[in-house]
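S.K.: Structure incoming, see below.
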Amino acid sequence: MAYWLVKTEPSECGIDDFAREPERVIPWDGVRNYQARNFLRAMTRGDRVFLYHSSCQHIGIAGIVRVVREAYPDPTQFDPESPYHDPKSRPDAPRWQAVDMVFERKLQPLVTLDTIKNTGGLSGLALIKRGNRLSVMPVSDAEWQILMTLPAPPKM
DNA sequence: GCCAACGTTGGC
DNA sequence: GCCAACGTTGGC
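Start counting the first sequence at 11; every next residue gets the next number (my numbering).
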């Protein structure tokens, strides 16, 4: 089993969208970056995934979801109505993949970006590398353990 | 809203 | 294959 981190804007699909219907299977689609796609392909059933909220008021890791279906062709790439439509992708050679996720738990309080940046042992996280834009990335066992055992973020 | 950093595109 | 232009990401 492996660990991952995915970014999302909570206004699109945040941890509360998972928590609201804990049994619901939510497709993780719309990834349109090759490196991120390759990480999606590497996910296996049962992998745990940090859900990171970006571009919002409370930036940070807001919860954990779990992979329940491994990579399959992302249907949105073939849907002309979808904002993720990719006219260059062909059904016999799909470019993009999706996985399915379910809710596992929220992290309260959320692990803020500031905490992540200022905690030892996390400097290898792609999330905090300079200018990083990767929306799906691996998290090592050690990094996962650190993030799961963090004390409450320090008062500023 | 700003803007730095980045990935992709397309002309050559 | 190069690389400038462009659109997007994402923190601030």
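Don't be surprised by glycine CBs; every beta carbon is placed ideally from N, CA and C.
Would you call the segment 136 to 148 in contact with the segment 79 to 92, where contact means no fewer than 3 C-beta pairs closer than 8 Å?
M.R.: They do not touch, by the three-pair rule.
S.K.: Helix, strand or coil for Leu135 per DSSP?
M.R.: Note: Leu135 maps to coil in three-state DSSP.
S.K.: Look at the alpha carbon of Ile71 and the alpha carbon of Arg100, and state the distance between them as a whole number of angstroms.
M.R.: The alpha-carbon atoms of Ile71 and Arg100 are separated by roughly 35 Å.
S.K.: Residues in the same chain with beta-carbon distance under 8 Å from Ser150, minus the five sequence neighbours each way, listed in chain order, please.
M.R.: Hits under 8 Å: Tyr13 and Gly134.
S.K.: What whole-angstrom Cβ distance do Ala108 and Pro37 have, given they're in contact under 8 Å?
M.R.: 5 Å between Cβ atoms; contact.
S.K.: Using alpha carbons as the reference points, say which of Pro90, Asp102 and Tyr62 lies closest to Leu123.
M.R.: Closest option to Leu123, Cα to Cα, is Tyr62.
S.K.: If you measure between the beta carbons of Cys66 and Pro20, is that distance less than 8 Å?
M.R.: Against a cut-off of 8 Å, the Cβ pair of Pro20 and Cys66 comes out as a contact.
S.K.: Give the C-beta separation of Val35 and Val112 to the nearest angstrom, bearing in mind that I take them to be a contact with Cβ-Cβ under 8 Å.
M.R.: Confirmed, about 6 Å.
S.K.: Can you tell me which residues form a DSSP beta bridge with Met147?
M.R.: Met147 is bridged to Leu15.
S.K.: Who are the Cβ neighbours of Val78 in its own chain at under 7 Å, not counting the five residues just before and after it?
M.R.: Excluding positions up to five away in sequence, the list reads Val35, Arg55, Asp110, Met111 and Val112.
S.K.: Among Thr86, Gln87 and His68, which has the Cα closest to the Cα of Phe125?
M.R.: Contrary to the premise, residue 125 reads as Thr rather than Phe in this sequence. Comparing Cα positions, the closest option is His68.
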